[in-house]
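**Q**
Numbering (UniProt numbering), first residue to last: 1 to 86.
1) Can residue 1 and residue 17 be called in contact, C-beta distance under 8 Å?
2) Can you tell which of 20, 32, 42 and 86 has its C-alpha closest to the C-alpha of residue 5?
3) Since residue 48 and residue 77 are thought to touch, with beta carbons under 8 Å apart, how far apart are those beta carbons, to the nearest angstrom?
4) What are the residues that DSSP puts in a beta bridge with residue 41?
5) When you compare only the Cα positions, how much space is there between residue 7 and residue 42?
6) Using the C-alpha atoms, what's the distance from residue 10 back to residue 82?
7) Ordered along the chain, which non-local residues of its own chain (more than five positions away) have a Cβ less than 7 Å from that of residue 38?
Structure below.
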């Protein structure tokens with residue numbers, strides 16, 4: 001992605017990133033492995049964090065009742081970054 005549409009080192013005096021879900025959206029990830037700051041951390045190589053279940057459900061098997069659970073599972077790795085930052 002070009003810097004104009006993402007975080008980059010010109011956005012602040014110091015930009016640090018924690019990449020916790022670097023898989024592309026095509027692999028049901030929400031992030032990117034692309035370095036974007038002055039300092040980029042990649043815990044667990046930037047992929048699914050320990051204790052977070054990978055999403056493995058067929059798209060055609062999703063019901064309206066599943067959407068909230070899938071969101072919570074999908075956000076698990078991202079939520080871990082808050083605790084890693086502390």
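Don't be surprised by glycine CBs; every beta carbon is placed ideally from N, CA and C.
**A** Checking against the coordinates, here is how it stands:
1) Along the chain shown, read from residue 1 onward, the residue named residue 1 stands at position 1. Along the chain shown, read from residue 1 onward, the residue named residue 17 stands at position 17. No, the Cβ-Cβ distance between residue 1 and residue 17 is not below 8 Å.
2) Along the chain shown, one-based indexing puts residue 5 at 5. The shortest Cα separation from residue 5 among 20, 32, 42 and 86 belongs to 32.
3) Working through the chain shown from its first residue, we reach residue 48 at position 48. Working through the chain shown from its first residue, we reach residue 77 at position 77. Contact holds; Cβ gap of about 6 Å.
4) Locating residue 41 in the chain shown gives position 41, counting from the first residue. BP columns for residue 41 point to 18.
5) Locating residue 7 in the chain shown gives position 7, where the first residue counts as 1. Locating residue 42 in the chain shown gives position 42, where the first residue counts as 1. Each residue's Cα considered, the two are about 16 Å apart.
6) Within the chain shown, numbered from 1, the residue matching residue 82 stands at position 82. Within the chain shown, numbered from 1, the residue matching residue 10 stands at position 10. Roughly 23 Å separates the two Cα atoms.
7) Here residue 38 is taken as the residue at index 38 of the chain shown, counted from 1. Within the same chain, residue 38 has close Cβ partners 9, 14, 15 and 16.
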